[in-house]
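Novice:
Numbering (full-length UniProt numbering), first residue to last: 1 to 419.
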């Protein structure tokens, strides 16, 4: 008989009481008020977390694993989106399967270390040879790490979707790609590119996850076309739009009208604060805009908004360590989400909301769900973003898979007397 595990004295969001989380066969079998005493037995493994915060495993719904860790080899001297695009595309055909696999693996391990248990990555496609290399690399990583993390891939469709490109896209869907995406607002013919992406997605019964309106220009408005196509094709609930930064540059009435259409189309929004703080506003002087979408107003309209890592140490964003708590903190700063209620909302934006956008089954701390979670070294939910706890323990399917512990050693002469 397999032993049951009890995570004893866990603090979870939304509960005033400490909880006992019982796990069996990789799933939660009960979530109850913490007992004062639990009788030990050979069939019961007790892990007393002493009031530490336990969150569902983080879900990073927008990454670029094939680009990650290419900085400083690939630089971006202007700090603009356009230079990042052309510099990466200029270098990508020099990348072989092994180098892509190694960088993907290293980035995923960073994410797991910080508490992430599911990732959706966008993968580039500008040439057929790179497409085949990147999919082979993704397949290897997915196979090697399937016991540790859930992985999903979005193919970024090119701007000119010819018959040959369409064949490649159909091949990709049959070889591990889950969704179709792209950045139609950057195309010379955004409406045509977007129409083709929807046409292909519908024919393949594939969900859609797009880069949309990553611009400071208020006239860049592909999001409206995305909404209309979503409604027209009955794809409500199957479309995600990332970035949407031009929404913040629009006038209030225009933006509100567009956000109402987003709600009607049931489109999920992903804000990418690290990359957009870095890339946007490069032409501004004096008061430089933050470059995020209208996070707070979208939330007020009950539109699902997730926060994600986007680019990690590449020409689009030279920093980052695949830590979604860091991303939540940047979102808090950038979107002015600072009340206690908003801090809890930020935790949802890196857990339950992206899990819903990824259609993860059996997710969350609840009976019958997979026991994928992270234990943080803090007993106060309000202090998570202040402390960004270094010590964390990541669990997957009811088993600990990574533990990070902070070690502090004071010199005896300098050690504070109150420690």
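All residues carry an ideal CB built from backbone N, CA and C; glycine is no exception.
Are there 16 or more other CB atoms within 10 angstroms of the CB of residue 1, so buried, or fewer, so exposed?
Specialist: With a pLDDT of only 48 at residue 1, under 50, the local geometry of the prediction cannot be trusted, and the value read off the model is given with reservation. Per the 10 Å Cβ criterion, exposed.
Novice: Rounded to whole angstroms, how far is the Cβ of residue 241 from the Cβ of residue 197, which I believe are closer than 8 Å?
Specialist: At roughly 12 Å, the Cβ-Cβ gap does not stay under 8 Å, so residue 241 and residue 197 are not in contact.
Novice: For residue 70 and residue 78, I'd like the C-alpha separation in whole angstroms.
Specialist: 17 Å
Novice: Express the C-alpha separation of residue 85 and residue 336 in angstroms, rounding to a whole number.
Specialist: Taking the straight line from one Cα to the other gives about 30 Å.
Novice: Round the Cβ separation of residue 57 and residue 116 to the nearest angstrom and send it over; I've been treating them as touching at under 8 Å.
Specialist: 7 Å
Novice: If you follow the alpha helix (DSSP H) that residue 11 is in, where does it begin and where does it stop?
Specialist: First-last for residue 11: undefined, no H or E at that position.
Novice: Would DSSP call residue 46 helix, strand or coil?
Specialist: Three-state DSSP puts residue 46 in a strand.
Novice: Below 8 Å, how does it come out for the segment 356-367 and the segment 108-115: are there three or more Cβ pairs, yes or no?
Specialist: no
Novice: Would the beta-carbon of residue 65 fall within 9 Å of that of residue 119?
Specialist: yes
Novice: How many Å lie between residue 224 and residue 300 at the Cα?
Specialist: 19 Å
Novice: Of all the options 217, 163, 203, 199, which has the alpha carbon lying nearest to the alpha carbon of residue 186?
Specialist: 217
Novice: Taking 7 Å as the limit between beta carbons, can you name the residues of its chain near residue 5, skipping five residues before and five after?
Specialist: 23, 45, 47, 398
Novice: Rounded to the nearest angstrom, how far is the Cβ of residue 200 from that of residue 152, given a contact under 8 Å?
Specialist: Not a contact, Cβ separation roughly 18 Å.
Novice: Taking three-plus beta-carbon pairs below 8 Å as touching, is the segment 324-332 in contact with the segment 344-354?
Specialist: yes
Novice: Relative to the alpha-carbon of residue 372, which residue among 32, 380, 363 has its alpha-carbon at the smallest distance?
Specialist: 363
Novice: To which residues of the same chain is residue 377 closer than 6 Å at the C-beta, ignoring the five residues directly before and after it?
Specialist: 389, 391
Novice: DSSP on residue 159, reduced to helix/strand/coil?
Specialist: In the displayed model, residue 159 falls within coil according to three-state DSSP, outside both helix and strand.
Novice: Within 10 Å of its beta-carbon, does residue 292 have 16 or more other beta-carbons around it, so buried, or fewer, so exposed?
Specialist: buried
Novice: Where do the N-terminal and C-terminal ends of the alpha helix (DSSP H) with residue 229 fall, by residue?
Specialist: 222-232
Novice: Rounded to whole angstroms, how far is the Cβ of residue 34 from the Cβ of residue 19, which I believe are closer than 8 Å?
Specialist: 6 Å
Novice: Measure the Cβ-Cβ separation of residue 289 and residue 249 and say whether it is below 9 Å.
Specialist: yes
Novice: Let me make sure I understand the geometry here. Which of 303, 40, 89, 230 has the alpha-carbon closest to that of residue 420?
Specialist: A query on residue 420 cannot be resolved here, the shown segment of the chain reaching from 1 to 419 and no further.
Novice: Rounded to the nearest angstrom, what separates residue 243 and residue 181 at their Cα positions?
Specialist: Those two C-alpha atoms are separated by around 13 Å.
Novice: Out of curiosity, what's the CA-to-CA distance linking residue 341 and residue 76?
Specialist: Between residue 341 and residue 76, the alpha-carbon positions lie close to 38 Å from each other.
Novice: Taking the continuous alpha helix (DSSP H) assigned at residue 256, which residues delimit it?
Specialist: 252-265
Novice: Could you check whether residue 279 and residue 356 sit closer than 9 Å to each other, using their CB atoms as the reference points?
Specialist: no
Novice: Mark residue 393 as exposed unless 16 or more other C-beta atoms lie within 10 angstroms of its C-beta, in which case mark it buried.
Specialist: buried
Novice: So with Cβ pairs under 9 Å, would you call residue 285 a contact of chain B?
Specialist: In the structure shown, chain B cannot be found, because there is only a single protein chain.
Novice: For residue 134 versus residue 123, is the C-beta spacing smaller than 9 Å?
Specialist: Their beta carbons are under 9 Å apart, which means residue 134 touches residue 123 by this criterion.
Novice: Whole angstroms are fine: how far does the CA of residue 159 sit from the CA of residue 192?
Specialist: 9 Å
Novice: List in chain order: all unbroken alpha helix (DSSP H) runs of 4+ residues lying wholly within the segment 67-143.
Specialist: 81-92, 97-113
Novice: Return the first residue and the last residue of the beta strand (DSSP E) that residue 420 is part of.
Specialist: Residue 420 lies beyond the range of the chain shown here (1 to 419); nothing can be said about it.
Novice: Which parts of the segment 274-348 are runs of the beta strand (DSSP E), unbroken and 3 residues or longer, counting only runs that do not cross its ends?
Specialist: 305-307
Novice: For residue 243, write down the residues that DSSP places opposite it in a beta bridge.
Specialist: 212
Novice: Excluding sequence positions up to five away, which residues of its chain have a Cβ less than 6 Å from the Cβ of residue 17?
Specialist: 33
Novice: If you check the beta carbons only, do residue 101 and residue 154 fall under 9 Å apart?
Specialist: no
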